[in-house]
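Q:
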Amino acid sequence: MKDKKFFLPSIFPPHLDTSLKMWVIFHTMHRGLLQQTQRYFFNICTKLMNKVNILFLGDESKYYQDLRQVLTANGMEVTRVDSITKEDEILTSVSPHLVIVYSPQEGVGGLAFCQELRSFYSGLMVLVSCQKDTEFHTLALGLGADASLSAEQGTSFIAANIHAMLRRCEALNPTKKLTFGHLTIDSSKRDAYVGDEAASLSTIEFQLIWLLARRQGSVVSREDIHRELYKTGYNGYDRSIDLYISRIRQKIGDDPNSSRYVKTVRGLGYQFIPNKTTVSGP
């Protein structure tokens with residue numbers, strides 16, 4: 029049996045070495061396959077998470093433009109702000125699935141900002157900095173960041189990490205919907221619905237009602253709520269949870285004097301009133 033000949037494409041100059049031609053072909057195919065794989069997994073992420081909102085905290089720099097281009101090309105919506113405080117309404121209006129804190133300067137400014145942001149934001153947070161030191165990244169994780177990455181690793185790498193975090197977050201919350209009569213709490217859309225009307229819950233309002241609803245019938249203490257939402261213990265005087273409960277009640281039409289859904293248990297915490305529940309999974 030004669031050996032079959034392998035013909036290389038004729039697009040190369042005749043003097044080009046055969047091994048180099050093979051390398052070029054492999055490299056081109058590899059890059060194409062990598063891009064297809066990235067698009068495939070980002071599409072999965074987009075379908076799972078519906079509309080993915082990213083909040084970028086930092087200057088409108090070239091790095092922001094490059095990262096935004098990568099993220100929006102894969103179905104995510106990116107909103108940028110220079111800074112944020114507890115009183116700002118941006119978290120309510122955007123309801124981000126993930127916040128990127130961009131700190132291009134040397135020093136610990138990014139660490140301080142992560143710690144401050146974590147005091148009133150409980151969602152996913154990624155610190156992107158110019159730091160390479162392992163101790164810096166370790167400290168960032170200890171101060172509340174879910175990931176600490178170097179900007180020098182490239183926007184594609186940062187975007188891939190964001191996708192992976194969103195995918196893991198989705199995998200940890202397989203239950204999609206909880207329905208209590210006319211009230212539906214949808215974790216894939218991160219909102220509640222009264223009939224067909226969206227309640228337009230903020231990120232932390234959704235996380236709070238989702239926590240209570242998943243533990244329906246049980247009294248959830250302020251300590252447990254603070255540890256779940258803020259990753260820290262209750263200090264004994266913070267009344268922010270009361271404010272969020274009040275807002276939730278207004279948005280879902282729940283009268284605090286005759287609650288159908290969220291009940292205040294004096295001195296203990298809050299209870300989602302047991303009801304006939306329909307649970308929908310993936």
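Residue numbers (the working numbering): 29 to 310. Glycine is no exception: its CB is placed at the ideal position from the N, C-alpha and C atoms. Because the structure is a prediction, the values reported are computed rather than measured.
1. Curious, which full-length beta strand (DSSP E) runs of at least 3 residues does the region 110-177 contain?
2. Does F278 pass the burial test, meaning 16 or more other C-beta atoms within 10 Å, or should it be called exposed?
3. Could you round the C-beta distance between L155 and V129 to whole angstroms and report it? I think they count as a contact, below 8 Å.
4. Determine, using beta carbons only, whether R243 and Y262 come nearer to each other than 7 Å.
5. Taking 7 Å as the threshold (C-beta atoms), are F234 and R218 in contact?
6. For I82 versus L126, is the C-beta spacing smaller than 7 Å?
7. Could you give the first and the last residue of the continuous alpha helix (DSSP H) run that contains T231?
8. Where does Y221 sit, in a helix, a strand or coil, going by DSSP?
9. What's the call for T212, buried or exposed, on a 16-neighbour Cβ count within 10 Å?
10. Ordered along the chain, which non-local residues of its own chain (more than five positions away) have a Cβ less than 6 Å from that of D214?
11. Report, in whole angstroms, the separation of the C-beta atoms of K160 and S131, which I expect to be a contact under 8 Å.
12. With DSSP run on the structure shown, which of helix, strand or coil describes I301?
13. Taking the alpha carbon of E225 as the reference point, which residue from W238, L239, G281 and C197 has its own alpha carbon closest?
14. Exposed or buried, D174, counting other C-beta atoms within 10 Å across all chains shown (16 or more means buried)?
15. What's the gap between the Cα of G170 and the Cα of F164?
16. Cα-Cα, which of I301, K259, I232 and L271 is closest to G172?
17. Between which residues of its own chain and R146 is the CB-CB distance below 6 Å, once the five residues before and five after are set aside?
18. Determine the DSSP secondary structure at R108, reduced to helix, strand or coil.
19. What does a CB cutoff of less than 7 Å around T183 pick up in its chain, not counting 5 residues either side in sequence?
20. Roughly how many angstroms lie between the CA atoms of G137 and L167, to the nearest whole one?
21. Determine the direct distance from the alpha carbon of S268 to that of G86, and round the result to whole angstroms.
22. Taking DSSP's pairing of strands, which residues face D94 in a bridge?
23. Distance check for L119 and R288, CA to CA, integer angstroms please.
24. Quick one: residues in its chain with C-beta nearer than 7 Å to the C-beta of V222, no 5 flanking neighbours on either side, listed in chain order?
25. Might you give, ordered along the chain, the residues of its own chain that have their beta carbon closer than 6 Å to the beta carbon of Y68, omitting 5 neighbours on each side?
26. Is the distance from the Cβ of V247 to the Cβ of V293 below 7 Å?
27. CB-CB under 8 Å to D283, same chain, minus the five flanking residues each way: which ones, in chain order?
28. Relative to the C-alpha of C158, which residue among E134, H254 and Y149 is closest?
29. At which residues does the alpha helix (DSSP H) containing L257 begin and terminate?
A: Short version:
1. 126-131 and 152-157
2. Checking the sequence shown, residue 278 turns out to be Gln, not Phe. The residue in question, Q278, is exposed, as its Cβ has fewer than 16 Cβ neighbours within 10 Å.
3. Contact between L155 and V129 holds: CB atoms are separated by about 5 Å, below the 8 Å threshold.
4. no
5. The answer is yes: Cβ separation under 7 Å.
6. yes
7. T231 to R242
8. strand
9. buried
10. K205
11. That belief does not hold up - the Cβ atoms of K160 and S131 are roughly 13 Å apart, past 8 Å.
12. coil
13. G281
14. By the neighbour-count rule (16 or more Cβ atoms within 10 Å), D174 is buried.
15. Each residue's Cα considered, the two are about 10 Å apart.
16. K259
17. G172
18. strand
19. D94, L95 and V98
20. Their Cα atoms are separated by approximately 12 Å.
21. 26 Å
22. Answer is none; D94 lacks a bridge partner.
23. 28 Å
24. H210, L211, I280 and G281
25. Reliability fails at Y68, whose pLDDT of 48 lies under 50, so the model's placement of it is uncertain and no value is given.
26. yes
27. R277
28. E134
29. Per DSSP, L257 belongs to the alpha helix (DSSP H) from R250 to L257.
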